[in-house]
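From first to last, the protein sequence lines are chains W and B. 1 is the number of the first residue of the first sequence in full-length UniProt numbering; add one for each residue after it. 1 is the number of the first residue of the second sequence in full-length UniProt numbering; add one for each residue after it. Idealized CB from N, CA, C, for every residue including glycine. On a predicted model such as this, the values are computed, not experimentally measured, just so you know.
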Amino acid sequence: MRKFFRRNTAGYVFLTPWLVGFFFLALGPILVSLYLSFTRYDMVSAPVWDGLGNYRYMFEYDRRFWKALEVTFTFVAFSVPLRLAAALGVAMLLDKGLRTIGVYRAIFYLPSLLGASIAIALLWREMFGLNGVINQVLAMVGITGKGWITDPDTSIYTIVVLAMWQFGSPMLIFLAGLRGIPRDLYEAAEIDGTSRFRQFRRITLPMLAPVIFFNLVLQTIEAFKTFTSAFIISNGTGAPADSLLFYTVYLFNEAFKFFRMGYASALAWVLLLIIAAFTALAFATSKYWVHYENERD
Amino acid sequence: MAGLTLRNVEKSYGALTVIKELNLDIHDGEFLVLVGPSGCGKSTLLRMIAGLEEISDGTIAIDGKVVNDLPASKRDLSMVFQSYALYPHMSVRKNLAFGLQNLSMPKAEIARRVDEAARILQIEPLMERKPRQLSGGQKQRVAIGRAIVREPGLFLFDEPLSNLDAELRVQMRVELAALYERLKTTMIYVTHDQVEAMTLASRIVVLRGGKIEQVGTPEELYTRPANLFVAGFIGSPRINMLKATVSGGQAKMADFAAFALPDLGTRDSELTICVRPEAIQLGGGEVQAEGKIRLVEYLGAERLVHIDLASGQRLLFHAQGADSHRAGESVTLGFDRADMHFFDSSEQRVEPALAEVA
Chain W
1 MRKFFRRNTA
11 GYVFLTPWLV
21 GFFFLALGPI
31 LVSLYLSFTR
41 YDMVSAPVWD
51 GLGNYRYMFE
61 YDRRFWKALE
71 VTFTFVAFSV
81 PLRLAAALGV
91 AMLLDKGLRT
101 IGVYRAIFYL
111 PSLLGASIAI
121 ALLWREMFGL
131 NGVINQVLAM
141 VGITGKGWIT
151 DPDTSIYTIV
161 VLAMWQFGSP
171 MLIFLAGLRG
181 IPRDLYEAAE
191 IDGTSRFRQF
201 RRITLPMLAP
211 VIFFNLVLQT
221 IEAFKTFTSA
231 FIISNGTGAP
241 ADSLLFYTVY
251 LFNEAFKFFR
261 MGYASALAWV
271 LLLIIAAFTA
281 LAFATSKYWV
291 HYENERD
Chain B
1 MAGLTLRNVE
11 KSYGALTVIK
21 ELNLDIHDGE
31 FLVLVGPSGC
41 GKSTLLRMIA
51 GLEEISDGTI
61 AIDGKVVNDL
71 PASKRDLSMV
81 FQSYALYPHM
91 SVRKNLAFGL
101 QNLSMPKAEI
111 ARRVDEAARI
121 LQIEPLMERK
131 PRQLSGGQKQ
141 RVAIGRAIVR
151 EPGLFLFDEP
161 LSNLDAELRV
171 QMRVELAALY
181 ERLKTTMIYV
191 THDQVEAMTL
201 ASRIVVLRGG
211 KIEQVGTPEE
221 LYTRPANLFV
231 AGFIGSPRIN
241 MLKATVSGGQ
251 AKMADFAAFA
261 LPDLGTRDSE
271 LTICVRPEAI
281 QLGGGEVQAE
291 GKIRLVEYLG
301 AERLVHIDLA
311 SGQRLLFHAQ
321 GADSHRAGES
331 VTLGFDRADM
341 HFFDSSEQRV
351 EPALAEVA
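In structure tokens:
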């Protein structure tokens, strides 16, 4: 033990600012929320122990919980593949060597910085509104649009599109991954007459698998946590007809609108378990499709 | 099998020209080695032949058919890369079969060719392994295997042995020579190692600065280098170079007695005279000088004797067999006029009419 510290002291010193933040600002609240999830707590009177009451209510009686799960799973299922596909597509275009590549990278990254902002969410609401830009463009080609956001059948897809547009950070990671694939492999394939599509499928995708895996896990976690855009676009309610009732929006309302802190904490822990389960699933399947070049057997 | 014709081939990147008006005929079935110092354009030239690099001017024809605009895959050639370029996520077997699967070839035929290549290259026990589980030499074999399964008319090798350690390089060199004897397919081989060039080539092309310095058999290059660069580049240990002045039918090198030199076909009074280290004779030779042995390098069957001359010139003597010379010893050394190579002030070979001298 002493040897361990002697060898790693410098490392821990450098980690100190983060560790202080983690222990005092994150770990405390995390543990408290675990405790609160077993209580009833309205932030005014002291928490009252309720055992598994919150969880039982959630799974047995709370229809909005199930609705929130449905909305969130739908969003994850559509937005993650679409965002990754957009990210990979743009990364491949950039990898082909646009001259002013630094500028393009910045331009393509911009939506990721803006996309999570309230301003863009507001803008989005206007764009997809009944008299928004989208419908005006559709009108030009003779299609009568509708209120994309006010229609419960389409509202969630406006947010999927918004999420897809924020492909910047996975795109940069893909770009770095693409740069790491030796040119020789493509040249060898070219001499062998391998089609572009087959090169993509048999060389690019497998060579990129570790990066795809990394992005998949990260973006899935991100998607489960999506909050701002849904909150703003639905005016904080999850409307219309709970079609934008993202899990986090529901959780937020329970906590800060109805002050059911105990229940909200329970919701948060369930979300954590869901995310953990998906991440574990990704890792468990990775050995079948992720190839690491330096892996030892 | 394929022959190759390059006519006025040029390659430039913007203002930088890396290959200049290059003309070359490569015969069907020959083992042609492109050799030269780094940056001489040899790899670029190979990549242009392969179709991986566009040519800026001129024509490249394979079997008489101009291939300038033909994609690499339609040129009926295979290439072995310096890095091996094996697909790391595929087994050896899949690496070998990958190129064939593009050709809508029956599975049985693919399997036959893959097994045949594996047998020739003795990699049968490795077929299910991934490249990371192979040694450098094994990877090299797989890379060569991937080239031969396609049974192309032309093989291109881009410094295939330079990532191997010295011992393995010698071994693979022998195997490559054996492979060529077996296939007798046209091979174009790029290397910076003149020993590889000498041992493998039917003909060698020496390149410098994007230009061909000389084309010839290894023996021609060794015995009749066309210019000073080739004289210095081909041959190990390196050729001795001595400055000489010519006047009135006499040539004079520092430290050596003047000797008669008839018309060289050049008006230059400044020459460079080159003598191979093995042509030096201790205690003999038509043209002699006094020197002192600085160092003897013992190589077993032979030794390299470094000799200082009075003027500060240094000579290398390649001694065969037993020899008792020691460092510090004073010696008389010399060489015959027939063993001298003459180069004028523009570094081109000039031929004296030696018969008249004798």
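DSSP places A268 (chain W) inside the alpha helix (DSSP H), whose first and last residues are 261-289. Around the CB of K225 (chain W), fewer than 16 other CB atoms lie within 10 Å, so the residue is classed as exposed. The beta carbon of T44 (chain B) is closer than 7 angstroms to those of K11, V18, I19, E53 in its chain, skipping five residues each way along the sequence.
Under the three-state reduction of DSSP, S247 (chain B) is assigned to strand. In this chain, the beta strand (DSSP E) harbouring I204 (chain B) covers 203-208. Assignment of R125 (chain W) by DSSP, reduced to helix, strand and coil, places it in the helix class. Note: I280 (chain B) is not bridge-paired with any residue in the DSSP secondary-structure output. For A260 (chain B), the beta-bridge partners assigned by DSSP are B:Q250. Non-local C-beta neighbours of C40 (chain B) in its own chain, meaning closer than 8 angstroms and more than five positions away in sequence, comprise L207, R208, G209, G210, ordered along the chain. Note on the segment 205-234 of chain B: whole beta strand (DSSP E) runs with a minimum of 3 residues are 211-216, in chain order. Listed by position along chain W, the residues whose Cβ is nearer than 7 angstroms to that of G136 (chain B) form an empty set, because the closest Cβ is around 16 angstroms away. Under a 10 Å Cβ-count criterion, A117 (chain B) is classified as buried, with 16 or more other Cβ atoms of the shown protein chains found around its own Cβ. The alpha-carbon of L282 (chain B) is positioned some 16 angstroms away from that of M340 (chain B). Secondary structure of T228 (chain W) (DSSP, three-state): helix. For F157 (chain B), the closest Cβ of chain W is not nearer than 8 angstroms. For M92 (chain W), the secondary structure class from DSSP, reduced to helix, strand or coil, is helix.
Judged by DSSP in its simplified three-state form, D158 (chain B) adopts strand. Closer than 8 angstroms at the C-beta level to chain B, one finds these residues of the segment 185-197 of chain W: L185, E187, A188, A189, E190, I191, D192, G193, T194, S195. For M48 (chain B), not one C-beta of chain W is nearer than 8 angstroms to its own C-beta.
Relative to L22 (chain B), the option among B:T332, B:A2, B:G300, B:I212 whose CA is nearest is B:I212.
DSSP places Q122 (chain B) in the coil class of the three-state scheme, outside both helix and strand. According to the DSSP secondary-structure assignment, L315 (chain B) is paired through a beta bridge with B:I307. Under the three-pair Cβ rule at 8 angstroms, the segment 44-63 of chain W counts as touching the segment 253-263 of chain W. Among the CB atoms of chain B, none fall inside 8 angstroms of the CB of I212 (chain W). The beta carbon of M79 (chain B) sits closer than 8 angstroms to some beta carbon of chain W. Under the criterion of beta carbons closer than 8 angstroms, E290 (chain B) and A310 (chain B) qualify as touching, at roughly 7 angstroms. L251 (chain W) and A268 (chain W) have their C-alpha atoms spaced approximately 7 angstroms apart. Cα atoms of E220 (chain B) and I120 (chain B): separation of roughly 32 angstroms, rounded to the nearest angstrom. Put simply, the CB of I203 (chain W) is near chain B, with a gap under 8 angstroms to one of its CB atoms. Under the 10 Å beta carbon count, W66 (chain W) is surrounded by fewer than 16 other beta carbons and is classified as exposed.
If the five residues before and after M43 (chain W) are omitted, its C-beta is found closer than 7 angstroms to the C-beta atoms of F259, M261, all from its own chain and listed in chain order. Of all residues in the segment 102-119 of chain B, those with a C-beta nearer than 8 angstroms to a C-beta of chain W are N102, L103, reading in chain order. Secondary structure of A176 (chain W) (DSSP, three-state): helix.
Taking a cut-off of 8 angstroms for Cβ pairs, the segment 69-88 of chain W and the segment 214-234 of chain W touch, as three or more such pairs fall below it.
Cα atoms of E270 (chain B) and K292 (chain B): separation of roughly 26 angstroms, rounded to the nearest angstrom.
For P17 (chain W), the closest Cβ of chain B is not nearer than 8 angstroms.
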